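Report on the structure given below.
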Amino acid sequence: MPQPTLTYPLIAALTAVFLPFAGCLINALSGRKRTNSGIAIGTITGSLIAAAYVFTQVWGVAPLHIQWEWFVIGTRSFYVGLLLDNQSALMLLLVPLIAVPVHLYSVAYMKDDPGIHRYWMYLGLFCFAMMALVVADNLLLMYVCWELVGFASYLLIGFWFTKDTAAQASKKAFIVNRIGDLGFLIGMAILYAQFGTLDIRALFQGDGLVASANVVGTEWVTSVGSSMPSVWLTAAGIAFLLGAAAKSAQFPMHVWLPDAMAGPTAVSSLIHAATMVAAGVFLLARIFPLFNATTLAIMVVVGTSTAFVAAYFALAQYDIKKILAFSTISQLGFMVMGIGIGAYHVALFHLVTHAFFKCLLFLSAGAVIHEMQHLKEKNKLDIDPQDIRNMGGLRKHMPLTFVVMAVAGLALAGLPPTAGYLSKDALLVHAFEWAAVQRGVAGVVPYLLLAASGFTAFYIARLVFKVFVAPSAMATTAAAHEANKWMLMPMIFLAACSLFPLFSIHPFDVGHVWVIQGMLPLALWPAASLYHTLVPVFATLLSLSMFAIAWRWYAKGTYPLRGRGLLYRLSFHQGYVDRFYHVALVDPLLRLSRFFVTIDRLVVDGVVDGCGRIGRLFAGLAAWFDHYVVDGLVRFVGKMAFWLGNVLRRTQTGRVQYYLFTMFFIVLMVLIYQMIIQA
Amino acid sequence: MITLTHFLVVSACIFAAGLYAVLARRNAIMVLVGIELIINAAILNLVAFGRYDRGQYGGQVFALFAIVLAAAGVAVALAIILNVYQHYQSINPDDIRDLKDQ
Chain A
0 MPQPTLTYPL IAALTAVFLP FAGCLINALS GRKRTNSGIA IGTITGSLIA AAYVFTQVWG
60 VAPLHIQWEW FVIGTRSFYV GLLLDNQSAL MLLLVPLIAV PVHLYSVAYM KDDPGIHRYW
120 MYLGLFCFAM MALVVADNLL LMYVCWELVG FASYLLIGFW FTKDTAAQAS KKAFIVNRIG
180 DLGFLIGMAI LYAQFGTLDI RALFQGDGLV ASANVVGTEW VTSVGSSMPS VWLTAAGIAF
240 LLGAAAKSAQ FPMHVWLPDA MAGPTAVSSL IHAATMVAAG VFLLARIFPL FNATTLAIMV
300 VVGTSTAFVA AYFALAQYDI KKILAFSTIS QLGFMVMGIG IGAYHVALFH LVTHAFFKCL
360 LFLSAGAVIH EMQHLKEKNK LDIDPQDIRN MGGLRKHMPL TFVVMAVAGL ALAGLPPTAG
420 YLSKDALLVH AFEWAAVQRG VAGVVPYLLL AASGFTAFYI ARLVFKVFVA PSAMATTAAA
480 HEANKWMLMP MIFLAACSLF PLFSIHPFDV GHVWVIQGML PLALWPAASL YHTLVPVFAT
540 LLSLSMFAIA WRWYAKGTYP LRGRGLLYRL SFHQGYVDRF YHVALVDPLL RLSRFFVTID
600 RLVVDGVVDG CGRIGRLFAG LAAWFDHYVV DGLVRFVGKM AFWLGNVLRR TQTGRVQYYL
660 FTMFFIVLMV LIYQMIIQA
Chain B
0 MITLTHFLVV SACIFAAGLY AVLARRNAIM VLVGIELIIN AAILNLVAFG RYDRGQYGGQ
60 VFALFAIVLA AAGVAVALAI ILNVYQHYQS INPDDIRDLK DQ
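Protein chains in written order, with numbering that gives the first Met the number 0: chain A, 0 to 678; chain B, 0 to 101.
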């Protein structure tokens with residue numbers, strides 16, 4: 000192939016990707032000494048500038064693609080490269096755009112943490128991996144970055160690894176992600192077996208290999224002539240979906256995400272907004288042409304159930320971060336559902352808007368937790384600083400935090416004039432339109448989503464009211480005050496980004512959103528204008544009524560429920576999914592491991608020990624032989640020499656007469672001998 | 000008559016006596032005497048065999064040389080014995096067994 004030429008946007012993209020990595024390396028090399036944040040913030044800001052330049056050059060223009068040969072196996076070449084199209088340029092911009100506020104926020108939030116030098120290193124690695132993932136031009140490279148993202152998140156979730164919960168959570172996240180990685184790997188293997196390439200553009204562009212392959216009878220035939228049973232097409236789709244489901248925390252593999260709250264809050268915001276969980280949705284959008292009707296249906300089911308179930312679980316949580324975690328899972332369910340119905344442009348749009356307001360929610364929650372932690376330490380209280388039952392009335396003491404969190408809450412609930420309204424109602428509208436052309440039970444999907452959306456409004460209102468509006472739970476909260484300006488500035492910036500003007504000049508019509516216009520799919524079902532007006536109005540009214548109920552219950556303190564019912568317990572214990580996994584998977588696995596340990600100890604170790612004993616026996620024999628035969632011989636020679644020397648020593652008396660006598664005697668002997676010979 | 004054999008037997012007797020003195024005496028002077036006896040036994044042999052050389056008298060002449068050399072040897076040997084005595088305070092050959100200075 001011809002030598003690829005690097006143009007300025009490509010160089011800028013490379014710069015954007017590798018700057019955080021350089022920062023990570025510098026921080027890693029300088030080790031414990033480097034506690035200031037200069038390098039990390041500098042590199043991520045540079046990365047943001049480069050990404051912004053790339054975005055202006057690439058958005059709405061023909062995609063840029065460059066690749067270099069990476070390695071050759073047999074006659075097959077594998078490539079590394081960059082693919083800059085609308086999707087990847089958008090994501091490339093989004094990651095540092097979220098990461099910069101998080102970095103700035105961390106300066107104050109992580110101040111005086113003993114592990115701070117590791118923190119900046121891991122953040123750099125995390126951003127690098129995610130940005131490399133979005134610009135990767137083939138699935139193999141994407142997979143490498145996919146693993147790196149998982150690894151970096153493992154490090155960050157377990158950042159406070161001396162806490163048992165953090166160590167367990169990081170392990171859990173890693174293991175659940177491994178299951179998904181297996182799916183990714185299998186899907187990749189099927190694609191490679193069928194098409195002989197992993198290049199994203201060659202496979203998935205409009206007239207690419209996947210699009211031109213057809214299912215003929217029960218065979219899946221490609222335009223390059225290869226074919227395999229069509230069940231593999233479904234299998235590949237499901238495998239990739241499994242990968243994305245684990246990464247994007249889809250039900251029932253969402254269990255790692257609530258536990259991942261054990262990491263620093265700033266990290267949670269990054270994981271939940273632009274990196275990590277976004278990777279799964281991004282992957283699904285990237286490889287969308289691969290999915291056939293079956294896998295799309297599965298995706299809709301998974302997404303919808305995730306959206307509904309997670310929203311339901313969020314209702315009864317008391318940990319402020321857990322509520323937000325389930326809210327993320329629920330929103331990711333919306334996105335996956337959006338891809339399942341074919342509206343991946345809207346799903347990605349929701350991913351972008353969600354990134355801003357979810358990051359903001361976490362940062363605000365972090366500010367509150369930070370404050371509660373201070374109060375706890377100052378007053379020597381025995382409370383959980385993340386428990387919303389201990390908060391209340393913080394509006395008077397942290398007014399700015401309250402305002403930005405309210406904005407984020409409105410965006411999450413999908414109320415105008417926020418960007419969340421645009422993206423979420425667009426998803427709902429598309430779900431209704433999609434259901435209109437489907438048959439059977441598919442009609443349930445939009446209503447479940449509507450219910451989930453109602454739950455969402457309720458739990459976020461509950462959160463905000465309980466923390467900021469309700470009467471103070473403790474007298475000491477009066478001492479709370481506004482967070483440091485380094486924490487507030489990123490929050491205000493994100494709040495501005497959560498409003499509609501960033502995305503559209505029209506606050507109500509999603510059709511004007513430039514993100515959507517840049518990524519319209521090739522084929523869409525007929526638009527039903529009825530839904531376009533009815534659904535948003537109804538969803539908004541639903542959210543408002545949920546707000547009203549939450550206001551009555553929590554702000555006014557007239558909570559009517561007993562908190563004992565089955566539904567409540569189901570929600571509070573998160574549907575017992577964790578416990579089910581523990582009983583159904585973890586315990587049997589542990590028992591199996593213990594069984595294998597016994598086998599290992601008795602059989603494998605026994606064989607090894609036996610071999611060892613035989614070896615020792617032989618060694619003993621060899622030692623005996625060595626000691627008595629070889630050494631004996633040597634010692635015998637030595638002893639002989641000693642004895643001979645001892646004997647001959649006696650002759651050397653120093654007495655002249657003795658010598659003379661000896662001489663005479665020998666001469667005499669010789670003479671006698673001669674005489675005998677002669678005779 | 001006195002034959003060559005008589006001379007040789009006497010000579011052998013003297014040699015044996017000298018050899019005994021050299022090997023067995025505990026006095027360096029007596030050892031020296033033994034050496035003289037051995038030399039004299041040899042000289043006696045020279046003289047005895049000299050009768051087969053009547054023209055040149057080689058045996059007698061050689062005997063004279065040997066006597067002179069023996070006398071010189073005795074002089075040197077006595078000097079050595081004197082020095083040995085001064086050094087070791089003894090002229091017993093058994094005591095003189097060191098090859099190096101003390």
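From the three backbone atoms N, C-alpha and C, an ideal C-beta is built for every residue, glycine too.
As the structure is a computational prediction, the values presented were derived from the model and not from experiment.
Residue i, buried or exposed, once every other Cβ within 10 Å from all chains shown has been counted against 16
i: A/Tyr108; result: buried
i: A/Lys171; result: buried
i: A/Thr679; result: Chain A is shown only over 0 to 678; residue 679 of chain A falls outside these bounds and no answer can be derived.
i: A/Met0; result: In this prediction, A/Met0 has a pLDDT of 45, which is less than 50 and means its spatial position is unreliable; what the coordinates show is noted afterwards. That one is exposed.
i: A/Pro489; result: buried
i: A/Leu81; result: buried
i: A/Ile671; result: exposed
i: A/Cys697; result: The structure shown does not extend to residue 697 of chain A, since chain A spans only 0 to 678, so no value can be given for it.
i: A/His253; result: buried
i: B/Ala78; result: exposed
i: A/Ile270; result: buried
i: A/Ser592; result: exposed
i: A/Leu498; result: buried
i: A/Leu493; result: buried
i: A/Trp69; result: exposed
i: B/Ala15; result: exposed
i: A/Trp623; result: exposed
Residues that residue i contacts on chain B, provided the C-beta gap is smaller than 7 Å
i: A/Phe660; result: Leu22
i: A/Val655; result: Pro92
Short Cβ contact (8 Å threshold) for residue i with residue j
i: A/Phe464; j: A/Tyr567; result: no
i: A/Ala456; j: A/Leu323; result: no
i: A/Pro100; j: A/Ala15; result: no
i: A/Met404; j: A/Met390; result: no
i: A/Val444; j: A/Val299; result: yes
i: A/Gly262; j: A/Ala188; result: no
i: A/Gly339; j: A/Gly302; result: yes
i: A/Leu331; j: A/Ser422; result: no
i: A/Leu696; j: A/Phe194; result: One cannot answer for residue 696 of chain A here, as it falls past the ends of chain A, which runs 0 to 678.
i: A/Met518; j: A/Asn137; result: no
i: A/Lys320; j: A/Ser267; result: yes
i: A/Ala88; j: A/Trp67; result: no
i: A/Phe127; j: A/Pro8; result: no
i: A/Val534; j: A/Asp424; result: yes
i: A/Ala441; j: A/Gly392; result: no
i: A/Glu218; j: A/Ser225; result: no
i: A/Ala460; j: A/Phe546; result: yes
i: A/Ile199; j: A/Arg75; result: no
i: A/Phe502; j: A/Thr305; result: no
i: A/Tyr317; j: A/Ile387; result: yes
Rounded Cβ spacing between residue i and residue j (contact assumed at less than 8 Å)
i: A/Ser544; j: A/Tyr458; result: Actually they are not in contact, since the Cβ atoms of A/Ser544 and A/Tyr458 sit about 14 Å apart, beyond 8 Å.
i: A/Gly157; j: A/Asn176; result: Going by Cβ atoms, the distance from A/Gly157 to A/Asn176 rounds to 13 Å, so no, they are not a contact pair.
i: A/His344; j: A/Ala479; result: Incorrect: roughly 43 Å between the Cβ atoms, too far for contact.
i: A/Ala450; j: A/Phe307; result: 6 Å
i: A/Ala272; j: A/Ile97; result: 5 Å
i: A/Tyr530; j: A/Glu432; result: 6 Å
i: A/Thr264; j: A/Ala410; result: Rounded, the Cβ-Cβ distance is 19 Å, inconsistent with contact.
i: B/Val30; j: B/Ala20; result: 6 Å
i: A/Ser570; j: A/Leu314; result: 5 Å
i: A/Met90; j: A/Phe333; result: Between A/Phe333 and A/Met90 the Cβ distance is about 18 Å, and since that is not below 8 Å, they are no contact.
Chain B contact residues for residue i, given Cβ-Cβ distances below 8 Å
i: A/Thr650; result: The contacting residues do not exist; A/Thr650 stays about 13 Å from chain B at best.
Contacts that residue i makes with chain A (C-beta to C-beta distance below 7 Å)
i: B/Arg96; result: Thr652, Gly653 and Arg654
> Would you say the region 350-357 of chain A touches the region 408-422 of chain A, given that touching needs at least three Cβ pairs under 8 Å?
Replying inline: yes
> Does the region 282-294 of chain A come within contact of the region 233-244 of chain A, defined as at least 3 CB pairs closer than 8 Å?
Replying inline: yes
> When the Cβ atoms of the region 68-88 of chain B are set against those of the region 47-60 of chain B, are three or more pairs found closer than 8 Å?
Replying inline: no
>> Between the region 51-64 of chain A and the region 308-320 of chain A, can you find at least three pairs of beta-carbon atoms closer than 8 Å?
In response: no
> Taking contact to mean at least 3 C-beta pairs separated by less than 8 Å, is the region 112-126 of chain A in contact with the region 18-30 of chain A?
Replying inline: yes
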